[in-house]
Structure formats: C-alpha cells, structure tokens
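First up is the structure itself, then whatever we jot down about it.
Numbering (my numbering), first residue to last: 2 to 606.
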C-alpha cells in the first residue's frame with residue numbers, strides 16, 4: 002500500500018534562552034582555533050554509560066510523503082527505510098543521555114536527530130530537505146546567492162574539495178532557511194538544540210533561525226570554502242521574534258560526526274536580520290544560550306486504570322519562550338532535557354486531535370534534578386481510552402520479531418512496534434468515531450496484512466492473529482479458545498440489500514460442505530437501508546464439527562450466546578467486505594468457548 006499520511010514521532014527538549022555566557026570575538030583566527038580545540042571526548046563524558054535501545058521512526062519529505070531507501074545509522078547499526086518511510090533498529094548502542102540518528106539519501110541534504118533515550122521504543126520523525134540548487138557561481142568570482150525571503154550568502158570565490166585541494170569550476174549552491182515559527186522546524190533541523198559552548202560546557206539553545214548550505218562541484222563533489230577565507234551569512238527574523246532578539250547573538254554550527262552544536266563566532270542584528278561571518282559550511286544556527294543547569298524530565302502518561310497511553314503529544318513551554326513537544330511510547334513515557342529551576346507549562350493532547358484542545362494542563366516544576374513525573378488522564382467527553390492487542394505472524398505461522406502496525410483513526414495515523422510477535426497499545430480515540438483501520442508490516446520481508454477495517458470493542462479490542470501474506474487477496478482469521486485458524490480460499494460472500502421488509506442479509510462461508518476442520522460460516526441481518534456498517538449481536542456462527550458439514554455450534558437463540566459482530570465495510574460486488582467479531586458461547590454439549598476473529602473478503606454477489 003502506498004502510504005501518504007504522515008506519522009509523527011518526536012523528541013522532547015524544552016527551549017529557552019538568555020544572554021550569552023561571555024563576550025565573543027568574531028576573529029576568524031580565533032574561530033578556527035576554537036573549532037580545532039573542541040574536545041569531543043571530554044564533552045562525551047556528559048552522555049553517561051553505553052546502553053542499548055530500540056528505535057522506530059519515519060522519514061518524510063517536506064510534502065509529508067514517506068521517503069523510501071534512506072540509510073539510517075544509530076551507534077553500531079544501520080537500516081533502510083521501507084515503502085512507508087519507516088525504519089526499525091533494535092538494540093542500538095547509544096549513551097544513557099544521548100542518542101544520535103543520521104539519515105542519508107541521494108537527492109536530500111544530510112539529516113539527523115538527537116534524543117535522550119528512554120525505556121521502551123524511542124520514536125523519531127525526520128523531515129529531509131531536498132538537495133535543491135538555488136543558485137550557482139564560479140570559482141574566483143565574488144557572488145551573493147539569495148533566497149526570496151532575504152536569506153543570503155556572500156561568497157569570496159575560493160573553494161576546496163573534501164580532500165583539501167583547490168577547486169576550480171562551477172559551484173552549485175544548495176540552501177535552506179529554517180524559521181523557528183514553522184511547526185516543521187523541529188523535524189527538519191539536525192540533532193536537537195543541545196550544544197557545546199566555547200568552554201566545552203553543555204548548553205541548551207533557543208534558535209532565532211537556521212541556515213543550511215551545501216556546495217557541489219561540476220561532478221557533484223562536495224565542496225567548502227577555502228581555509229582562511231570566509232563567507233557572510235544573512236538570515237531574516239520572523240516578525241514575532243524581533244522583540245526578543247538580542248543585538249548580538251552567538252553563532253553555532255552543527256557537528257555532523259558527533260551530533261550536537263558547537264559555538265563559533267557571533268552575529269549582529271541589522272534591521273530585521275542577523276548577519277554573521279563563517280569560515281566553513283554546515284548547518285548554522287543563531288542561538289541564545291541558557292546559563293542555568295539542565296535536568297532530564299521523564300513524563301509517564303496513563304489512563305484512569307493506570308494503562309500507559311501511547312502516542313499522546315506532550316507539550317512543554319516556559320513563559321515567553323518557544324514550545325517543545327514529544328510523543329509517548331508504548332510505556333506512556335516521553336523523555337528530554339529541560340532547564341532546571343523553571344516553572345514549566347505542560348499540556349497533553351489526545352492521539353487524534355479530536356477537538357484540538359489539551360485534555361490535560363498543569364504547571365510543573367521547578368526541578369533541580371532528574372525527575373520522573375506521573376500524569377493520569379481522566380475520562381472526558383471527547384475521547385475514550387482503548388486497548389488494542391493482537392499477534393502478528395508470517396504466512397507459515399512463524400513469529401514476527403521485527404515489525405510494526407499502523408493504526409488509522411479520524412484521519413490521523415500512528416505506529417506501534419511488534420515485539421516477539423505481539424502488539425499491545427493503549428490510545429485515546431475520539432468518541433464520535435468508533436471505527437479504525439490497521440495494517441501490520443513485517444519490516445524484514447516487507448510483507449503486510451493490507452489495511453483492514455475494524456470497530457472498537459470498548460474498552461478492549463482483541464484483533465487475534467494477523468498474518469503477513471501479500472499474495473492473499475482475502476481471508477478469514479479466527480481463534481476459538483486460543484487456537485488460531487486462517488482460511489484463505491473457498492470463501493464466498495453474499496449480500497442482499499433489503500432481503501426482508503426489516504433487514505438486509507450478509508452471508509459469508511468458507512470451506513462449506515467440506516471435510517476440513519478449518520470451516521466457518523457467518524450470517525446475519527444488518528440494517529435495511531445504508532449505511533449497513535454497525536454493531537450487531539444476532540449473527541449465526543456455524544463452525545467445524547469434524548463432519549462433511551460445518552455444524553452450528555452457536556446462534557443467537559442459545560442462552561449462553563454473547564458474540565458481537567462489528568461490520569466496518571460492505572463494498573460493491575468485487576470490492577471488500579470487512580468485519581470483526583468476538584465473544585463467548587456454549588456448544589451443543591454445554592461446554593463454554595471464546596471466539597474472536599476478522600474477515601477481509603471480496604464480495605461475490
């Protein structure tokens with residue numbers, strides 16, 4: 002399936018700002034000396050011990066389309082994004098307080114993300130910027146390359162190749178301006194706003210704008226400006242930031258090897274833009290620094306029954322400063338850096354933006370040390386807590402250990418990992434819509450279940466056993482007393498609208514009148530007029546009884562019958578009919594049984 006909806010994961014680092022630590026000179030000689038003297042090994046002592054963590058993420062372009070075939074690197078491991086732009090890396094070696102993810106693909110500038118790793122799955126979204134040439138120049142020629150919004154770079158004309166040798170020829174300039182007021186900036190920027198200052202001390206940053214510049218030669222080779230030369234960069238400020246913009250501000254470049262920002266030079270506010278001088282090209286950011294110490298805040302979000310809630314957006318903000326947000330994982334946790342000793346305004350939003358307003362708000366802090374915070378989301382009129390559980394196997398029944406599921410509800414999509422063949426997630430869904438779609442994907446083989454329609458069986462929806470069988474057009478999967486069965490052929494589906502004066506008839510049978518044990522029939526009345534989709538409690542379920550017919554073991558007339566059928570789609574002839582079912586019943590001997598299943602079948606009549 003071509004998946005065009007964007008799935009957002011995020012890290013959490015709260016942005017704030019104040020004036021610079023100390024006065025800075027913009028002497029090119031001192032800047033180069035500072036760059037060479039940065040001690041990455043000493044700075045890495047801030048990161049803690051080496052640990053292993055699992056990551057799942059998606060990579061998208063600026064139009065929110067998934068990017069296929071992106072090379073992802075985390076620690077000692079690599080992976081490629083699949084057709085949905087998703088990657089999974091298990092047991093990657095990272096540090097307790099720092100994990101660095103890089104993303105590379107031809108046609109895009111290098112991208113990355115840095116996180117404070119948390120327990121469970123770490124969710125990441127990276128939006129890659131296209132390698133779009135915005136202008137060109139010639140070596141030996143002074144040139145100003147400018148974007149439509151006034152972002153500009155002034156080149157002196159001297160360039161070198163990656164090996165340090167001089168370059169002569171045409172230079173193509175790739176340039177992007179990142180505006181802090183753009184909601185996508187956190188997904189587009191490299192790393193996180195975490196840095197080493199001139200004294201090699203940790204700092205958290207607030208950015209007033211970023212500039213990405215890459216240079217390409219005639220043969221596509223990477224170029225940079227010659228050592229000893231410089232370039233002037235100019236970045237306009239959004240009008241909403243001008244009132245808080247200092248007259249001078251430190252410049253920072255992003256270290257693509259180590260994954261954080263390094264202080265180098267300063268810029269001056271000229272009119273509505275910052276202007277500074279740089280001696281090499283990378284991502285550059287105009288950032289204020291935080292003097293105060295940082296802490297790590299882990300926020301655990303649960304429902305009233307203490308179930309962890311996944312994929313909730315948690316937003317943090319200090320008054321008058323930028324907002325930052327992250328999404329909870331399967332443990333309901335999101336983790337990140339915060340400035341110590343500050344009051345923080347926290348808002349929590351439901352999974353699917355049912356009404357767009359926060360479902361929980363609180364002022365928290367100040368925190369002077371690493372802190373875990375527990376949040377309980379009470380029931381509310383716009384959203385309901387739901388638990389979704391199931392298993393995911395290959396066509397031959399083998400356990401899938403490296404996979405994920407997409408859940409789509411109310412136009413929004415999120416993902417959850419499959420671990421040891423199992424998935425279990427707790428979400429908040431919109432009360433006005435009780436249907437959802439799910440697709441399970443085997444990340445190693447790229448086989449999927451295809452998208453299947455379901456109805457929530459509030460508060461717990463058990464999906465049973467799903468199989469990754471791309472070549473199967475239709476199937477019925479069901480489990481009786483924990484024993485799974487799947488039927489993929491000899492399936493018939495008949496629908497007769499207005500079959501009687503009161504209702505329409507839906508009849509499904511598989512392996513009917515055969516000697517196979519894997520036999521089932523599902524039949525019942527649905528609404529007389531469309532829409533036919535809905536929840537029904539009077540369907541007949543004849544199943545196998547080791548004869549040449551599927552014998553009826555449960556029907557609505559039995560006193561112990563308690564089976565609900567959720568019809569989620571009835572298409573035209575040749576299109577799909579989707580339903581799922583679950584409940585309990587007693588057989589003809591009075592023995593109790595449980596049953597659940599799903600049917601994804603083509604309508605024959």
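Note that the Cβ used here is the ideal one computed from N, Cα and C, for glycine as well.
Proximity below 8 Å, CB of residue i to CB of residue j
i	j	result
residue 315	residue 326	yes
residue 376	residue 419	no
residue 412	residue 465	no
residue 536	residue 456	yes
residue 160	residue 137	no
residue 48	residue 97	yes
residue 295	residue 339	yes
residue 506	residue 526	yes
residue 106	residue 61	no
residue 430	residue 381	no
residue 196	residue 204	yes
residue 480	residue 454	no
residue 225	residue 39	no
residue 112	residue 191	yes
Local conformation of residue i per DSSP, three classes
i	result
residue 46	helix
residue 592	coil
residue 511	strand
residue 499	coil
residue 548	The predicted position of residue 548 is uncertain, since its pLDDT is 49 and thus under 50; a value taken from the coordinates is nonetheless stated next. If DSSP states are grouped into helix, strand and coil, residue 548 belongs with coil.
residue 241	helix
residue 420	strand
residue 197	strand
residue 190	coil
residue 246	coil
residue 153	strand
residue 268	strand
residue 23	Unreliable placement is indicated for residue 23, whose pLDDT of 43 sits below 50; the coordinate value is still reported in the next sentence. Here residue 23 sits in coil by DSSP.
residue 41	helix
residue 598	strand
residue 143	coil
residue 461	strand
residue 411	coil
residue 313	coil
residue 431	strand
residue 351	coil
Supposed close pair residue i, residue j - CB separation, criterion 8 Å
i	j	result
residue 110	residue 215	6 Å
residue 1	residue 94	As shown, the chain starts at 2 and ends at 606. That puts residue 1 outside it, with no answer to give.
residue 369	residue 342	6 Å
residue 459	residue 385	6 Å
residue 584	residue 578	Not really, about 20 Å apart at Cβ, beyond 8 Å.
residue 282	residue 250	Rounded, the Cβ-Cβ distance is 19 Å, inconsistent with contact.
residue 394	residue 422	6 Å
residue 135	residue 232	Not quite, the Cβ-Cβ distance comes to about 15 Å (not below 8 Å), so this is no contact.
residue 540	residue 523	6 Å
residue 237	residue 273	6 Å
residue 361	residue 345	Not confirmed; about 14 Å, so no contact.
In DSSP terms, what residue i is bridged to
i	result
residue 261	256
residue 286	211 and 253
residue 113	103
residue 394	400 and 468
residue 608	Residue 608 lies beyond the stretch modelled for the chain, which goes from 2 to 606, so this question has no answer here.
residue 492	511
residue 78	75
residue 340	295
residue 235	153 and 276
residue 223	217
residue 485	480
Pick from the options that is closest to residue i, judged by C-alpha positions
i	options	result
residue 641	150, 398 and 132	Shown here, the chain extends from 2 to 606; a query on residue 641 therefore has no answer.
residue 387	306, 474, 366 and 279	306
residue 131	501, 560 and 177	177
residue 582	410, 478, 435 and 505	478
residue 347	294, 312, 298 and 248	298
residue 53	40, 255, 427 and 101	101
residue 468	409, 533, 402 and 528	402
residue 275	80, 245 and 303	245
residue 82	91, 75, 90 and 71	71
residue 482	410, 225, 559 and 592	592
residue 604	588, 414, 570 and 596	570
residue 88	224, 58 and 561	58
residue 92	531, 182, 113 and 119	119
residue 308	567, 566 and 427	427
is_contact[residue i, chain C] using C-beta, thresh 8 Å
i	result
residue 139	The chain inventory of the structure shown lacks chain C, comprising one protein chain alone.
The ligand GTP heavy atom lying under 7 Å from the CB of residue i
i	result
residue 587	No copy of the ligand GTP occurs in the structure displayed, which carries no ligand at all.
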